[in-house]
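Trainee:
Number of protein chains: 2
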Amino acid sequence: MTNKKSLPPYKILYEQLRRHITDGLYEKGDILPSENELCTTHNVTRPTVRKALDRLVHEGYIRKKQGKGSIVQGQPQGVGILSLSGTTSAIGKENLETKIIIKPYLTTWEDAFGFPLLSYEKEVGCYRIERLRIINKQPVFYDITMVPNINLPRFSTRNFENRSLFEIMRTNYQIEVIGGEQKLMAITANEAMQQYFNVKPGHPILRLDRKMETTKEGFFFYSQVFCNTTDYGLYGTF
Amino acid sequence: MTNKKSLPPYKILYEQLRRHITDGLYEKGDILPSENELCTTHNVTRPTVRKALDRLVHEGYIRKKQGKGSIVQGQPQGVGILSLSGTTSAIGKENLETKIIIKPYLTTWEDAFGFPLLSYEKEVGCYRIERLRIINKQPVFYDITMVPNINLPRFSTRNFENRSLFEIMRTNYQIEVIGGEQKLMAITANEAMQQYFNVKPGHPILRLDRKMETTKEGFFFYSQVFCNTTDYGLYGTF
DNA sequence: TATCACAACTTGTATATACAAGTTAATATA
DNA sequence: TATATTAACTTGTATATACAAGTTGTGATA
Numbered sequence: 012m013t014n015k016k017s018l019p020p021y022k023i024l025y026e027q028l029r030r031h032i033t034d035g036l037y038e039k040g041d042i043l044p045s046e047n048e049l050c051t052t053h054n055v056t057r058p059t060v061r062k063a064l065d066r067l068v069h070e071g072y073i074r075k076k077q078g079k080g081s082i083v084q085g086q087p088q089g090v091g092i093l094s095l096s097g098t099t100s101a102i103g104k105e106n107l108e109t110k111i112i113i114k115p116y117l118t119t120w121e122d123a124f125g126f127p128l129l130s131y132e133k134e135v136g137c138y139r140i141e142r143l144r145i146i147n148k149q150p151v152f153y154d155i156t157m158v159p160n161i162n163l164p165r166f167s168t169r170n171f172e173n174r175s176l177f178e179i180m181r182t183n184y185q186i187e188v189i190g191g192e193q194k195l196m197a198i199t200a201n202e203a204m205q206q207y208f209n210v211k212p213g214h215p216i217l218r219l220d221r222k223m224e225t226t227k228e229g230f231f232f233y234s235q236v237f238c239n240t241t242d243y244g245l246y247g248t249f
Numbered sequence: 012m013t014n015k016k017s018l019p020p021y022k023i024l025y026e027q028l029r030r031h032i033t034d035g036l037y038e039k040g041d042i043l044p045s046e047n048e049l050c051t052t053h054n055v056t057r058p059t060v061r062k063a064l065d066r067l068v069h070e071g072y073i074r075k076k077q078g079k080g081s082i083v084q085g086q087p088q089g090v091g092i093l094s095l096s097g098t099t100s101a102i103g104k105e106n107l108e109t110k111i112i113i114k115p116y117l118t119t120w121e122d123a124f125g126f127p128l129l130s131y132e133k134e135v136g137c138y139r140i141e142r143l144r145i146i147n148k149q150p151v152f153y154d155i156t157m158v159p160n161i162n163l164p165r166f167s168t169r170n171f172e173n174r175s176l177f178e179i180m181r182t183n184y185q186i187e188v189i190g191g192e193q194k195l196m197a198i199t200a201n202e203a204m205q206q207y208f209n210v211k212p213g214h215p216i217l218r219l220d221r222k223m224e225t226t227k228e229g230f231f232f233y234s235q236v237f238c239n240t241t242d243y244g245l246y247g248t249f
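Chains as they are written, first to last, in the numbering used here: chain L, 12 to 249; chain P, 12 to 249.
1) Among the residues of its own chain, which have a CB less than 6 Å from the CB of P:Ile111, if the five just before and after it don't count?
2) Select from P:Gly213, P:Pro19, P:Pro215, P:Leu128 the residue whose C-alpha is nearest the C-alpha of P:Met223.
3) What are the boundary residues of the alpha helix (DSSP H) that includes L:Val135?
4) DSSP three-state label for L:Pro212, please.
5) Check the Cβ-Cβ distances between L:Lys156 and every residue of chain P, and say whether any is below 9 Å.
6) Using a C-beta cutoff of 9 Å, does L:Thr99 count as contacting chain P?
7) Go ahead and label P:Ser175 buried or exposed: buried means 16 or more other beta carbons lie within 10 angstroms of its beta carbon, across all protein chains shown.
8) Applying the 10 Å Cβ sphere with the 16-neighbour rule, what's the burial state of L:Asp242?
9) Determine which residues of the segment 185-212 of chain L have a Cβ less than 8 Å from any Cβ of chain P, and write them out in chain order.
10) Taking buried to mean at least 16 other C-beta atoms within 10 Å of its own C-beta, is L:Val60 buried or exposed?
11) Taking C-alpha atoms, which residue in P:Glu48, P:Gln193, P:Tyr233, P:Gly244 lies nearest to P:Trp120?
12) Around the Cβ of P:Gly78, are there at least 16 other Cβ atoms within 10 angstroms (buried) or fewer (exposed)?
13) Can you give the beta carbon distance from L:Glu132 to L:Pro159, rounded, assuming they're within the 8 Å contact cut?
14) Taking P:Ile73 as the query, report the chain L residues whose CB atoms sit under 7 Å from its CB, ordered along the chain.
15) Can you give me the C-alpha to C-alpha distance between L:Gly213 and P:Gln84, rounded to a whole angstrom?
16) Counting only C-beta atoms, is L:Leu245 closer than 9 Å to chain P at any point?
17) Rounded to whole angstroms, what's the CA-CA distance from L:Thr240 to P:Ala197? Just pull it up for me.
18) Does P:Ile23 come out as helix, strand or coil in the three-state DSSP assignment?
19) Shorter than 9 Å from the beta carbon of L:Cys238 to some beta carbon of chain P?
20) In the segment 158-228 of chain L, which residue ranges form an unbroken beta strand (DSSP E) of at least 3 residues, counting only runs that do not cross its ends?
21) Taking 9 Å as the CB-CB cut-off, is P:Ile216 touching chain L?
22) Taking 9 Å as the CB-CB limit, is L:Leu93 close to chain P?
23) If the cut is a Cβ gap below 7 Å, which residues of chain P does L:His8 touch?
24) Comparing alpha-carbon positions, which option in L:Gly191, L:Arg218, L:Ala63 lies nearest L:Asp154?
25) In its own chain, which residues sit with a C-beta less than 6 Å from the C-beta of L:Arg250, not counting the 5 before and 5 after it?
26) With distances taken from CA atoms, which of L:Gly35, L:Arg169, L:His53, L:Gly191 is nearest L:Thr19?
27) Which residue's Cα is closest to the Cα of P:Met204: P:Arg139, P:Tyr21, P:Pro150, P:Met180?
28) Quick one: grab the DSSP three-state call for L:Val55.
29) Is the Cβ of L:Pro58 closer than 9 Å to any Cβ of chain P?
30) If you follow the beta strand (DSSP E) that L:Glu108 is in, where does it begin and where does it stop?
31) On the DSSP letters alone, give me the boundaries of the beta strand (DSSP E) that P:Tyr233 sits inside.
32) Would you call L:Gln193 buried or exposed, if buried means 16 or more other Cβ atoms sit within 10 Å of its Cβ?
33) Look at L:Leu195 and L:Asp220 and say whether their C-beta atoms are less than 9 Å apart.
34) Compute the distance between the beta-carbons of P:Met157 and P:Tyr138, then report whether it is under 9 Å.
35) With DSSP as the reference, please indicate the residues paired to L:Gln149 in a beta bridge.
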């Protein structure tokens with residue numbers, strides 16, 4: 012909360028409502044307080060409230076109905092392909108277990124999953140982390156993330172077990188994902204995938220390569236997610 | 012243009028700017044006229060202009076930079092997984108050829124690709140169409156679309172060859188896609204896919220099942236897209 | 001010619017106000 | 001008790017105005 016006061020009021024309201032939804036204070040189907048009510052309780056005017064709500068609409072948290080209210084959609088689901096969420100918020104914490112296969116370590120870049128790197132990114136090296144996501148005791152996602160080594164104190168000593176990388180970036184470094192690019196393709200399982208997902212050679216695997224753009228100018232990070240979609244496809248709303 | 016006059020001014024402006032971008036009047040990197048300039052030329056006020064521009068930002072057409080201007084990003088790319096675009100706008104018309112394998116015909120529903128159907132949807136039956144999308148002479152997408160038979164005069168006689176279904180819905184029926192749900196998974200090629208994509212058994216295929224929600228209340232349509240991603244993965248920004 | 005300061009532009013954020021259009025609740029009447 | 005009408009709520013759309021903060025261009029000066 013150290014720098015919350017410096018945020019514009021519409022962002023404060025947006026954050027609070029978003030957190031209320033993701034924390035379950037509002038459930039799917041609930042109706043948020045009306046715009047007028049939010050004006051009163053937050054001491055702002057209606058255009059400010061509407062700007063916060065519009066962003067919640069844009070990100071899939073709520074849906075508005077003229078004359079009725081703002082209806083909670085619940086948390087947008089689907090691994091980041093459809094929203095800015097990371098895997099954790101896509102699947103939901105209660106069903107997802109994150110296992111750190113390789114803790115973050117500082118290294119030089121391999122390629123950034125096919126995305127071109129800028130020269131200063133190459134210079135600073137990156138933290139590389141490998142994780143396995145398990146849903147109901149079943150390995151479903153294997154992902155590799157590379158984060159450039161730019162002003163990330165104590166990054167490699169943080170606890171990533173069962174925590175969202177997006178949340179860690181956001182709360183510890185004030186770095187928020189604001190967009191990015193991604194590529195999707197179907198491949199067959201290589202040996203690492205066969206091992207992690209316990210599947211046979213030839214098993215189809217979904218691969219998602221992503222370049223995340225952030226609020227910190229010139230700071231991108233990269234991830235590659237392999238998904239065994241036999242039991243859990245990727246699902247999302249848009 | 013028959014009902015353009017009944018649209019609110021911010022939507023008219025949004026539509027015009029969107030079309031200017033998709034038609035290539037503005038190219039990636041160009042800067043749109045300033046907000047003040049758009050106020051003058053469209054005889055509206057700045058909040059109205061900003062609402063139109065905000066929607067363009069939201070959909071990935073432009074990016075705003077404080078003090079500088081609204082920078083054109085070009086058309087958002089990536090098959091619908093990341094935006095409301097259909098396949099045609101995702102890949103770009105010049106590289107994409109759409110071949111109608113089975114013209115739209117009225118039929119009863121098979122299941123809607125795993126999405127539950129409402130009883131009135133079952134009652135009215137649907138138009139089913141199968142298409143093959145070819146990029147640089149190479150079949151890449153095979154898709155099946157089912158559209159409920161609700162007030163769609165002359166639907167089955169329209170020309171879908173090399174045209175966007177989204178555009179046809181939009182211009183002929185004033186039905187716009189406003190969101191939806193989708194599922195993604197990796198499978199191996201079945202016999203139809205082996206034939207259409209000219210691939211061997213066991214070849215990995217990306218499957219995308221979608222339920223489109225529209226501006227017409229209670230009107231959804233459904234599609235299932237199979238992608239051979241060997242040469243063309245799905246790409247998008249978000 | 002280069003540099004600095006300032007003006008003039010841009011977008012970002014916000015208040016205030018008003019009316020349109022949709023939904024729901026309350027009240028009157030049959 | 002049921003129905004219809006109206007009031008009171010909701011979101012949708014818009015104008016007007018003001019100041020903050022970022023970027024760029026212009027003019028003055030060294």
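Using N, Cα and C, we set each Cβ at its ideal position, and we do this for glycine too.
Mentor: Inspection of the coordinates gives the following:
1) Position 100 of the second sequence, counted from the first residue, corresponds to residue 111 of chain P. Cβ neighbours of P:Ile111 beyond the five flanking positions: Arg142, Phe171, Glu172.
2) Taking the first residue of the second sequence as 1, we reach residue 223 of chain P at position 212. Checked all of P:Gly213, P:Pro19, P:Pro215, P:Leu128; the closest Cα to P:Met223 is P:Leu128.
3) Here residue 135 of chain L is taken as the residue at index 124 of the first sequence, counted from 1. Start and end: 130-135.
4) Position 201 of the first sequence, counting from 1, holds the residue named residue 212 of chain L. Reduced to three states, the DSSP call for L:Pro212 is coil.
5) By one-based count along the first sequence, residue 156 of chain L stands at place 145. Here the sequence assigns Thr to residue 156 of chain L, which means Lys is not the residue at that position. No, L:Thr156 lies away from the interface with chain P (no Cβ there is under 9 Å from its Cβ).
6) Within the first sequence, residue 99 of chain L is the residue found at index 88, counting from 1. Bear in mind that the predicted position of L:Thr99 carries a pLDDT of just 49, short of 50, making it unreliable; the figure below should be weighed with that in mind. No - not a single Cβ of chain P is within 9 Å of the one on L:Thr99.
7) Mapped onto the second sequence, residue 175 of chain P falls at position 164. Label assigned to P:Ser175: buried.
8) The sequence position of residue 242 of chain L within the first sequence is 231, counting from 1. L:Asp242 comes out exposed.
9) Gly190, Gly191, Glu192, Gln193, Lys194, Leu195, Met196, Ala197, Ile198, Thr199
10) Position 49 of the first sequence holds residue 60 of chain L. Buried, because 16 or more other Cβ atoms sit within 10 Å of the Cβ of L:Val60.
11) Translated into the one-based positions of the second sequence, residue 120 of chain P becomes position 109. Of the listed residues, the one whose Cα sits closest to P:Trp120 is P:Tyr233.
12) Your numbering for residue 78 of chain P matches position 67 in the second sequence. Per the 10 Å Cβ criterion, exposed.
13) Numbered from its first residue, the first sequence carries residue 132 of chain L at position 121. Numbered from its first residue, the first sequence carries residue 159 of chain L at position 148. Correct: roughly 5 Å between the Cβ atoms.
14) Walking along the second sequence from the start, residue 73 of chain P turns up at place 62. Ordered by position in chain L, no residue passes the 7 Å Cβ test against P:Ile73, which lies about 12 Å from the chain.
15) As a first step, residue 213 of chain L is located in the first sequence; it is residue number 202 there, counting from the start. As a first step, residue 84 of chain P is located in the second sequence; it is residue number 73 there, counting from the start. The straight-line gap from Cα to Cα measures roughly 39 Å.
16) Within the first sequence, the letter at position 234 stands for residue 245 of chain L. Yes, because at least one Cβ of chain P sits closer than 9 Å to the Cβ of L:Leu245.
17) Counted from its first residue, the first sequence places residue 240 of chain L at position 229. Counted from its first residue, the second sequence places residue 197 of chain P at position 186. If I take the Cα positions, the gap works out to 6 Å.
18) Sequence index remark: in the second sequence, residue 23 of chain P carries index 12 (1-based). Helix at P:Ile23.
19) Numbered from 1 along the first sequence, position 227 holds the residue referred to as residue 238 of chain L. With 9 Å as the cut-off, L:Cys238 counts as an interface residue toward chain P.
20) 188-199, 215-225
21) Position 205 of the second sequence, counted from the start, is the residue given in the question as residue 216 of chain P. Yes - at least one Cβ of chain L is within 9 Å of the one on P:Ile216.
22) For the purposes of this step, residue 93 of chain L is taken as the residue at position 82 of the first sequence. Interpretation of L:Leu93 is limited by its pLDDT of 42, a score under 50 that renders its predicted location unreliable; the figure taken from the coordinates is listed afterwards. Chain P, which has a Cβ nearer than 9 Å to the Cβ of L:Leu93, makes this yes.
23) Because residue 8 of chain L is not part of the residues shown, which for chain L are 12 to 249, the question remains open.
24) For the purposes of this step, residue 154 of chain L is taken as residue 143 along the first sequence, with counting starting at 1. Taking only the C-alpha atoms, the option nearest L:Asp154 is L:Arg218.
25) Only positions 12 to 249 of chain L appear in this structure, which leaves residue 250 of chain L out of reach.
26) Here the question's residue 19 of chain L lines up with position 8 in the first sequence. Strictly speaking, residue 19 of chain L in this sequence is Pro, with Thr absent from that position. Checked all of L:Gly35, L:Arg169, L:His53, L:Gly191; the closest Cα to L:Pro19 is L:His53.
27) Along the second sequence, one-based indexing puts residue 204 of chain P at 193. Taking only the C-alpha atoms, the option nearest P:Met204 is P:Pro150.
28) Your numbering for residue 55 of chain L matches position 44 in the first sequence. Correct three-state label for L:Val55: coil.
29) Counting from 1 along the first sequence, the entry for residue 58 of chain L is found at position 47. Closer than 9 Å: yes.
30) Here residue 108 of chain L refers to the residue found at position 97 when the first sequence is read from its first residue. 107-118 is the extent of the beta strand (DSSP E) around L:Glu108.
31) Translated into positions along the second sequence, residue 233 of chain P becomes position 222. Residues 231-238.
32) Your numbering for residue 193 of chain L matches position 182 in the first sequence. The residue is buried, with at least 16 neighbouring Cβ atoms inside 10 Å.
33) Position 184 of the first sequence, counted from the start, is the residue given in the question as residue 195 of chain L. Position 209 of the first sequence, counted from the start, is the residue given in the question as residue 220 of chain L. Yes, they are a contact pair.
34) Here residue 157 of chain P is taken as the residue at index 146 of the second sequence, counted from 1. Here residue 138 of chain P is taken as the residue at index 127 of the second sequence, counted from 1. Yes, Cβ-Cβ distance for P:Met157 and P:Tyr138 is below 9 Å.
35) Indexing the first sequence from 1 puts residue 149 of chain L at position 138. Bridge partners of L:Gln149: L:Ile146.
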